[in-house]
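Visitor: With this note's numbering, letter number 239 in the sequence shown gets 225, and the count goes up by one each step, no holes. Have a look at the structure that comes next, please.
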Amino acid sequence: MTVPIAFVLLLLGAAPLAAQPPARIDPADRCQMQLVRVRREGMRTEPTPGVTNFFAGGDVHARCRGRNIHIYADSVASYGGTVFQFLSQTNRVRYRDSVTHLDADQITYFRDNERVEAQGNVVHKDLKAGSSIVGPRVDYYRPMKQIRPETEVIGYNRPTIKYVVRDSLGKPTEPYTIVGNQVRAVGGNLMFAGGNVTIDRFDLHGAADSIWIESGRLERGEMLRNANLKSITDDGFTLDGVNIDLGLKKKELSSLKAKLKARLVSPDVTIDADSILIEIPERQVERTRAWGKEIRPVAVSGTYQIKGDSLVIESPKQKLSSVRAYGGGWAGLAPPTDSAAGPSTTSRRDWISGEKVVATFVERDSAGVTKTAIQRLEAEVKAVSFYQMAAEANQPAGSINYTRADRIIVTMKLTADTTTVDRVEAFGSVDGVHLQPPTPRRDTLRVARPDTAAARAR
C-alpha cells in the first residue's frame, strides 16, 4: 500500500507541504487556570510591566475553569499566565480529564497550543481505549474545537505502548507491547511508532523500522521496512518482507501480508514469493496465499517441493491439509535418501505438473513423532507425471513411467518412514512412455558341466 505523504507527515508530527495556516483557538476554549487549593501563601513577581509570575506550594490543586481538567502537585509556578509548571517531590504530579490520566515527576501546561508536557517516569493512560504510553517524556494535546477533534499523544526517547485488544465480549485481553524511538497516538484508534520498532505479545514478536495502525474505520496497519513477525508457539511461523500489511478485526490481528521479497517459514513448509498473505482468524493460521512475478512462489519442505504462478495453502486449525498451485503448477517429491549418504545422486525426483496441481496431505506417526506427508497429487489441464517404481526382486532398478493426460491422479503409499507411488490414474487424452529395466542376461559360460575326470573313471 502507498501511504499518502500528508498522512505520514501527520503521524510524524510535521506539517504537510501544502498545509494551511492553523486555525485560531477560540478564546472561550482556552484553559483559564485557577487554584482550587494551596496550603502555603503564594508569591507574585512582575519581572516586566504587564507580565506577572506566580509561585505557590503545598498540596496544590489547580483546574481549568469550567472544565473537567484537574492537576495535582506539590508546587506550581505560573509564568505570564501562559505557562504553568507543576512539580512534586514526595508525590507524583497528576493530570486528570474526562478521557486521560497522566502521571509524571513534572508537568508543564502551555496555553499557546493547549499542550501538556510531562517529564520523568511518565505514565499516560487512555481511559476509553485502555491503552497506555510509558516513557521519559510525553506530550499530550487535549481536544479543541476547530483544532483537533481528538486527543493527540506523542512519546519521546523510546517510550512503550501497551495497546489493548478486547475480545468479542468487550473484555480486554493480553495487550500488544510496542516500543519505538518516537510514538504518536491520535484518539483511541490511530497509532504510529517510528525508529527501530518492536511489537510483542505472549504469542508473537515483530520488528520493523516503523509501524502504523488504524483500528477504527480502516481496521488495518502496516509494518514498514525490514519487517518481521514471528509466532511464538510450538507450531508457529516466521514471516519476513520489506513491508508487512496488518489486517485487524476489533484491534485483533486477522491477516498478515508480506510484500517484496516475502518469506514464510513454518514447521510444514518454507515459502518464497513476491507477496505472501496469511489469514489468522482466532489467532490460528487457516489459509496462506502466495504469488509473484519477480519471485515465482515456491513451497519447499524436506519431502516435497511445489511451485506455480500462485499458491494456496489450506491449514484448518493450523494443520496442513492441502496446497494448490495455479498457472504452470508443479509438485515434486524428494528423491530417495540413504541414511548415511543423504539424498540419492542417481535417483530422479518423482513429479507431476499441470495448469492446476493439488497436493493433499495427511498426518502419520513416525517413531512416535507426528509428521505431515503427501497422500495424493492431482494435476489438471496439460497434466504430466513422471515417477519411478520400486525395484522388484532380482532387479537393479525399478521401471520409469512418463504420462500425459487431461487429468492425472497419483496416490501415494504411506509407511512409517517412506512415501512412494502406489498407483497412477490418467483420464482424457492419454499417452506416455513406460520403461522397464533390462533383464539380467544368463551367463552361458557358467552352465554346470559333468566332471569329465569322473566320467572317464566310469
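Just so you know, even glycine gets a beta-carbon here, dropped at the ideal spot from N, CA and C. Keep in mind it's a predicted model, so treat the numbers as computed, not measured.
Can we say the segment 390 to 402 touches the segment 347 to 363, given the rule of at least three CB pairs closer than 8 Å?
Guide: Counting Cβ pairs under 8 Å, three or more are found: they touch.
Visitor: If you draw a straight line from the C-alpha of GLU205 to the C-alpha of SER261, how long is it?
Guide: Rounded to whole angstroms, GLU205 to SER261 spans 20 Å at the Cα level.
Visitor: Report buried or exposed for PRO33, applying the criterion of at least 16 other Cβ atoms within 10 angstroms of its Cβ.
Guide: Burial call: exposed.
Visitor: When DSSP labels each residue in this structure, what does ARG269 get in the three-state scheme?
Guide: DSSP places ARG269 in helix when its eight states are reduced to three.
Visitor: Beta carbon of ILE197: closer than 7 Å to some heavy atom of the ligand FAD?
Guide: The ligand FAD is not among the ligands present in this structure, which contains no ligands whatsoever.
Visitor: Specify whether the segment 168 to 179 and the segment 137 to 145 touch according to this definition: at least 3 beta carbon pairs, one from each stretch, less than 8 Å apart.
Guide: Yes: the two stretches touch, three or more of their Cβ pairs being nearer than 8 Å.
Visitor: Can you tell me which of ALA317, HIS56, TYR65 and VAL355 puts its alpha carbon nearest to the alpha carbon of TRP337?
Guide: Cα-wise, what sits closest to TRP337 is ALA317.
Visitor: If you draw a straight line from the C-alpha of VAL264 to the C-alpha of ASP254, how long is it?
Guide: According to the sequence provided, residue 264 is Ile. The question's Val does not apply to it. Rounded to the nearest angstrom, the two C-alpha atoms are 15 Å apart.
Visitor: Taking Cβ positions, are SER339 and GLY315 nearer each other than 8 Å?
Guide: Cβ distance < 8 Å, so SER339 and GLY315 count as in contact.
Visitor: If you count every other CB in all the chains shown that lies within 10 Å of the CB of LEU421, and 16 or more means buried, which is it?
Guide: Flag for LEU421 reads exposed.
Visitor: Just confirm the distance between the C-beta atoms of LYS243 and ILE230, as a whole number of angstroms; I'd bet it's less than 8 Å.
Guide: The pair is a contact, with the Cβ atoms about 7 Å apart (cut-off 8 Å).
Visitor: Flag this pair as yes or no: are the beta carbons of GLY66 and VAL102 separated by less than 8 Å?
Guide: No, the Cβ-Cβ distance between GLY66 and VAL102 is not below 8 Å.
Visitor: What residue range is occupied by the uninterrupted beta strand (DSSP E) comprising ASN167?
Guide: Run containing ASN167: none; DSSP gives neither H nor E here.
Visitor: Using a threshold of 8 Å, state whether the C-beta atoms of VAL151 and PHE223 are closer than that.
Guide: For VAL151 and PHE223, no; Cβs fall outside 8 Å.
Visitor: With a threshold of 16 other CB atoms inside 10 Å of the CB of LEU215, please say whether the residue is buried or exposed.
Guide: So LEU215 counts as buried.
Visitor: Assuming THR86 contacts HIS110 (C-beta within less than 8 Å), just tell me the rounded distance between them.
Guide: Right, their Cβ atoms sit about 7 Å apart.
Visitor: For a test of the three-state rule: what should DSSP assign to PRO424, helix, strand or coil?
Guide: DSSP places PRO424 in coil when its eight states are reduced to three.
Visitor: Please give me, in chain order, every unbroken run of the beta strand (DSSP E) with length at least 3 that falls completely inside the segment 8 to 62.
Guide: The segment 8 to 62 contains these whole beta strand (DSSP E) runs: 19 to 23, 29 to 34 and 37 to 50.
Visitor: Using C-beta distances below 6 Å, list every residue in its chain close to PHE40, excluding the 5 sequence neighbours before and after it, in chain order.
Guide: So the qualifying residues of the chain are GLY28, ARG30 and SER64.
Visitor: Measuring CB to CB, does GLY173 end up less than 8 Å from GLU136?
Guide: Yes, Cβ-Cβ distance for GLY173 and GLU136 is below 8 Å.
Visitor: Within the same chain, show all residues whose beta-carbon is closer than 6 Å to that of ILE147, passing over the 5 residues directly before and after it, in chain order.
Guide: Hits under 6 Å: ILE119, ILE164 and VAL169.
Visitor: Measure the alpha-carbon distance for ILE266 versus GLU300 and round it to whole angstroms.
Guide: C-alpha separation (whole angstroms): 12 Å.
Visitor: On the CB-based measure, 16 or more other CB atoms within 10 Å of its CB, does ARG128 come out buried or exposed?
Guide: ARG128 is buried by the Cβ-count criterion.
Visitor: According to DSSP, is LYS247 part of a helix, a strand, or is it coil?
Guide: Looking at LYS247 - three-state DSSP - the assignment turns out to be strand.
Visitor: Rounded to a whole number of angstroms, what is the C-alpha to C-alpha distance between GLU341 and ARG282?
Guide: Roughly 15 Å between the two C-alpha positions.
Visitor: Could you have a look at LYS303 and say whether DSSP puts it in helix, strand or coil?
Guide: LYS303 falls in the helix class under three-state DSSP.
Visitor: How long is the line joining the alpha carbons of ASP295 and GLU349, rounded to whole angstroms?
Guide: Straight-line Cα distance between these residues: approximately 27 Å.
Visitor: If you run the structure through DSSP and keep just helix, strand and coil, what is ASP231?
Guide: Of the three classes helix, strand and coil, the one that applies to ASP231 here is strand, per DSSP.
Visitor: Are the beta-carbon atoms of LEU73 and ALA59 separated by less than 8 Å?
Guide: In contact: LEU73 and ALA59 (Cβ atoms closer than 8 Å).
Visitor: Thinking TYR95 and LEU88 are a contact (beta carbons under 8 Å), I'd like their distance in whole angstroms, please.
Guide: Actually they do not touch by this definition, with Cβ atoms about 11 Å apart.
Visitor: Hey, out of LEU250, ARG269 and SER371, whose CA is closest to VAL284's CA?
Guide: Considering only alpha carbons, the answer is LEU250.
Visitor: Can you check which of these residues, TYR162, THR358, ALA345 and ASP195, is closest to ASP221 by C-alpha distance?
Guide: Per the Cα distances, THR358.
Visitor: Apart from the five residues just before and just after ILE257, which ones in its own chain have a Cβ nearer than 6 Å to its Cβ?
Guide: LEU250, ALA276 and ALA285, listed in sequence order.
Visitor: Between which two residues does the beta strand (DSSP E) carrying ASN143 extend?
Guide: Looking at the DSSP string, ASN143 is not in any beta strand (DSSP E), and its letter there is neither H nor E.
Visitor: Within its chain, find whatever has a CB closer than 6 Å to the CB of THR274; leave out the 5 residues flanking it on each side and keep chain order.
Guide: Here the set comprises ILE264 and ILE299.
Visitor: Please check the pair SER201 and GLY181, which I expect to be a contact at CB under 8 Å, by giving their CB distance rounded to whole angstroms.
Guide: With a Cβ gap of about 21 Å, SER201 and GLY181 do not count as contacting.
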